[in-house]
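Novice: If you use the numbering used here, the sequence shown corresponds to residues 80 to 242, in order.
For reference, the structure I am asking about is given below.
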Amino acid sequence: MTSTAQELHPAPTLEPGRTILELRGLEKRYPGTHALKPVDLAFKAAEIHAIVGENGAGKSTLIKLLTGVMPRTSGEVIWEGKPEALATPHEAMALGINAVHQEVVLCRHLTVAANMFLGEENSRFGLLQQRAMVKDAQKIIDGLGFDLRPMSCSATSPSASSS
Ligand SMILES: Nc1ncnc2c1ncn2[C@@H]1O[C@H](COP(=O)(O)OP(=O)(O)OP(=O)(O)O)[C@@H](O)[C@H]1O
Ligand SMILES: [Mg+2]
Numbered sequence: 080m081t082s083t084a085q086e087l088h089p090a091p092t093l094e095p096g097r098t099i100l101e102l103r104g105l106e107k108r109y110p111g112t113h114a115l116k117p118v119d120l121a122f123k124a125a126e127i128h129a130i131v132g133e134n135g136a137g138k139s140t141l142i143k144l145l146t147g148v149m150p151r152t153s154g155e156v157i158w159e160g161k162p163e164a165l166a167t168p169h170e171a172m173a174l175g176i177n178a179v180h181q182e183v184v185l186c187r188h189l190t191v192a193a194n195m196f197l198g199e200e201n202s203r204f205g206l207l208q209q210r211a212m213v214k215d216a217q218k219i220i221d222g223l224g225f226d227l228r229p230m231s232c233s234a235t236s237p238s239a240s241s242s
């Protein structure tokens, strides 16, 4: 895995009560739709939040803005006291903002290791560090006790197809 994200943005200190993420008037409009009305929210360390709302309330839109999938129309996102653009998914991931999706979509033509590091590939001077990624993948797989081979294709791997 590329170490740059962690080096640039060390994990926030998790003293309870400390504000990690703050949304100020975060809003999204599409032509003809006000997808997310301005949201003001503060997320403090060691807190767990649940966002509940009717269909079309803007829950997915909020997550898309926070994960850099979609640009906001207006508002601010303050991470660790600093305004962040969150213009791309990479920017969000580098800060440590990740979405864990209910339905995981695998690229079935790629290997198990390639799927595991999708979007977070280990590269040096623009070249993928395949051997390092396979080694790291094997370590994670062994740690989890799965019967998977990092270089097998995820479409053919027996354990990868069972949910
Ligand atoms: N790309 C888009 N272009 C135009 N309108 C959109 C787009 N994405 C979402 N919307 C609209 O924005 C509003 C909020 O959608 P969103 O998907 O965020 O709601 P949600 O709370 O996640 O709903 P659900 O509970 O159905 O998942 C809806 O009216 C939706 O139709
Ligand atoms: Mg949704």
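Note that CB positions come from ideal geometry on N, CA and C, so glycine has one too.
Can you list, in chain order, the stretches of the alpha helix (DSSP H) that have 4 or more residues and sit fully within the region 163 to 240?
Specialist: 168 to 174, 191 to 195, 209 to 223, 237 to 240
Novice: Is serine 153 near ligand 2, with its Cβ less than 7 Å from a heavy atom?
Specialist: no
Novice: Going by DSSP, what residues sit across from serine 153 in a beta bridge?
Specialist: Serine 153 is bridged to Glu106.
Novice: Let me know if alanine 164 comes out buried or exposed under the rule of 16 or more other beta-carbons within 10 Å of its beta-carbon.
Specialist: Exposed, since its Cβ has fewer than 16 Cβ neighbours within 10 Å.
Novice: Using the rule of at least 16 other Cβ atoms within 10 Å of the residue's Cβ for burial, across every protein chain shown, is leucine 227 buried or exposed?
Specialist: buried
Novice: Could you tell me which residues DSSP puts in a beta bridge with lysine 138?
Specialist: Note: lysine 138 sits in no beta bridge, so no partner.
Novice: Is leucine 144 helix, strand or coil by DSSP?
Specialist: helix
Novice: Would the C-beta of lysine 107 count as close to ligand 2, meaning under 7 Å from any of its heavy atoms?
Specialist: No, since every heavy atom of ligand 2 falls outside the 7 Å radius drawn around the Cβ of lysine 107.
Novice: Specify the secondary structure class of alanine 124 as computed by DSSP and reduced to three states.
Specialist: coil
Novice: Kindly indicate which residue of Gly135, Gly160, Asp119 has the alpha-carbon position closest to the one of glycine 104.
Specialist: Asp119
Novice: Sort Gly160, Leu189, Pro162, Glu199 by Cα distance to asparagine 177 and report the nearest one.
Specialist: Glu199
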